[in-house]
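Going down the list, the protein sequences come from chains U and R. Sequential numbering from 1 applies to the first sequence in our numbering. Sequential numbering from 216 applies to the second sequence in our numbering. Have a look at the structure below, then the notes.
Protein chains: 2
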Amino acid sequence: MKDRLTERQNEGYEFIRSHMRRERRPPTLREIGEALGIRSTNGVSKLLDVLEEKGYVEREPHAARGLRLVEEERAPLASGGGAPDLPLVSRTPSDQPDELRRRPRSYLAVDPRFLRKADDPRACLLARAGDDGMSSDGIRKGDLLVVEEQRANALDNGDMAAFLVGEELRARRFYYANGTMHLRSADSHYTEETYPPGAAGCHPVGRVLGLFRTF
Amino acid sequence: MKDRLTERQNEGYEFIRSHMRRERRPPTLREIGEALGIRSTNGVSKLLDVLEEKGYVEREPHAARGLRLVEEERAPLASGGGAPDLPLVSRTPSDQPDELRRRPRSYLAVDPRFLRKADDPRACLLARAGDDGMSSDGIRKGDLLVVEEQRANALDNGDMAAFLVGEELRARRFYYANGTMHLRSADSHYTEETYPPGAAGCHPVGRVLGLFRTF
DNA sequence: GCCTTGGGTGAAAACATGTTCACCACCAGA
DNA sequence: TCTGGTGGTGAACATGTTTTCACCCAAGGC
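Written out as structure tokens, the structure reads:
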């Protein structure tokens, strides 16, 4: 699978590796050439062709610095490849749910173990709870909710779910009965809300898998 | 030194950060523009000018992908800006607090932003709350607490702190008065506990910085 | 002698990427 | 009312970077 490298090829590979650690980006052909004493970018390009054939690097055609080390890709954790980034969504009005993943406020690394209940980790996102309606269930305003996006009909009665109501994100228990969605709060100060499916004022985002809070 | 960013500027910064983690190389102006919905490379360039002025990034003129994150430069480990792993400690008796970091049950990746209030991220660990004494404050039995190890005399009155009591880990408000430690619960069903410093039955672990919960 | 492989040179062409210039709109504060 | 900061558009331009093409040399195997 992975052929052995000649001495010269290994020099090239090692330079690329060290360059990526130092600079946090791949070298250009010229940079490689300069380091190895190769005056022609074509000479370098051929060297990379060999490294690619032998399975040590991958190249993205025509891209500047379009070089990746195969080894580091798979590195389980060696360099932080382990935890996927989830987008922390910014405030979104409930009548424009498509905006949810646009312009995320930031990305946070989340250990895959927190997503083990998700059908699809890529459907997961982070959103801030906008009210205290579930504080009796231990969810407080400002908590970061881990939400797996789901359509309402994929939710089961009693699921902890997240909804956009106006511009606010609310965690509630979800119930579906008599053709309406019921959003049940855990807090007696909050009343149960009901919406017809597809109501502009309330968009079901998905199931709540977990939460993060900082003090 | 480091000025605050506007929301829009933060979107740009966060995209760059996440792109570098995913791709192991900085984005081009056009890649940034595409992600943020900016059609002119000049618009992106001006955004980067601001990020540079405010001390978040550095630019290498004329270089392709000539972008570096100031923050990640100083990152202690070569983990490429990846999330550090915190040990999830296993059950430890309060009279053997040194065992706390021995044989951790597992390690979980935790985004550095969850540790921003820590003096020393390496002093942080994860532990499961063993009772419901703080449920009125939103901490429930089984929650994963992010704890920065600290000696009791580094704690301030009113801090949310973690204690080993017997073999159980408890979150409580910490108060020190009249030569005794007071562990105040948020829940009226629990009574306040007091211990002399150094009591074998109660070992202060540190300050609680945050919590993780999965449903 | 002839072919293959590894390892090149040099230059032009094609494409990717950053820079500059002219211009626009909104908003908050002096 | 003016000014400066923020956040852009669009196009031309200059530079960086990779590709392609033609050609070279030495060593080893047949």
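Glycine included, each C-beta is placed from N, C-alpha and C at the ideal position.
{"Item": "Local Cβ density within 10 Å of residue 177 of chain U, reported as buried at 16 or more and exposed below that", "Value": "exposed"}
{"Item": "As assigned by DSSP and simplified to three states, the class of residue 13 of chain U", "Value": "helix"}
{"Item": "Within 8 Å, strictly: CB atoms of residue 356 of chain R and residue 371 of chain R", "Value": "no"}
{"Item": "CB contact below 8 Å: residue 425 of chain R versus chain U", "Value": "yes"}
{"Item": "Contacts that residue 194 of chain U makes with chain R (C-beta to C-beta distance below 8 Å)", "Value": "In chain order: nothing, as chain R lies at least about 23 Å away."}
{"Item": "Counterpart residues of residue 421 of chain R in DSSP-defined beta bridges", "Value": "R/364 and R/377"}
{"Item": "Reference residue 202 of chain U, options U/103, U/94, U/124 and U/146, closest by Cα", "Value": "U/94"}
{"Item": "As assigned by DSSP and simplified to three states, the class of residue 98 of chain U", "Value": "helix"}
{"Item": "Cβ-based contacts, 8 Å cut-off: residues of the stretch 364–378 of chain R near chain U", "Value": "375"}
{"Item": "Residue 119 of chain U burial status per 10 Å Cβ neighbour count (16 or more: buried)", "Value": "exposed"}
{"Item": "Interfacial residues, the stretch 53–67 of chain U to chain R, with Cβ spacing under 9 Å", "Value": "63, 64, 65, 66 and 67"}
{"Item": "Cβ-based neighbour list, residue 77 of chain U, same chain, cut-off 6 Å, excluding 5 preceding and 5 following", "Value": "Reliability fails at residue 77 of chain U, whose pLDDT of 36 lies under 50, so the model's placement of it is uncertain and the value that follows must be treated cautiously. Nothing listed; no residue qualifies."}
{"Item": "CB contact below 8 Å: residue 251 of chain R versus chain U", "Value": "yes"}
{"Item": "Status (buried if at least 16 other CB within 10 Å, exposed otherwise) for residue 188 of chain U", "Value": "exposed"}
{"Item": "Rounded Cβ spacing between residue 25 of chain U and residue 65 of chain U (contact assumed at less than 8 Å)", "Value": "6 Å"}
{"Item": "Neighbour list for residue 138 of chain U in chain R, Cβ cutoff strictly below 9 Å", "Value": "350, 353, 354, 355, 358 and 428"}
{"Item": "8 Å Cβ cutoff, residue 323 of chain R in contact with chain U", "Value": "yes"}
{"Item": "Own chain residues within Cβ distance below 7 Å of residue 168 of chain U, not counting five before or after", "Value": "130 and 131"}
{"Item": "Own chain, CB closer than 7 Å to residue 331 of chain R, minus 5 neighbours either side, in chain order", "Value": "none"}
{"Item": "Buried or exposed (CB count within 10 angstroms, at least 16 for buried), residue 326 of chain R", "Value": "buried"}
{"Item": "Chain U contact for residue 293 of chain R (CB, 8 Å cutoff)", "Value": "Residue placement at residue 293 of chain R is flagged as unreliable, the pLDDT there being 36, under the threshold of 50; a coordinate-derived value is accordingly withheld."}
{"Item": "Distance between residue 386 of chain R and residue 232 of chain R (C-alpha atoms, nearest Å)", "Value": "34 Å"}
{"Item": "Proximity test, Cβ basis, 8 Å: residue 233 of chain R and chain U", "Value": "yes"}
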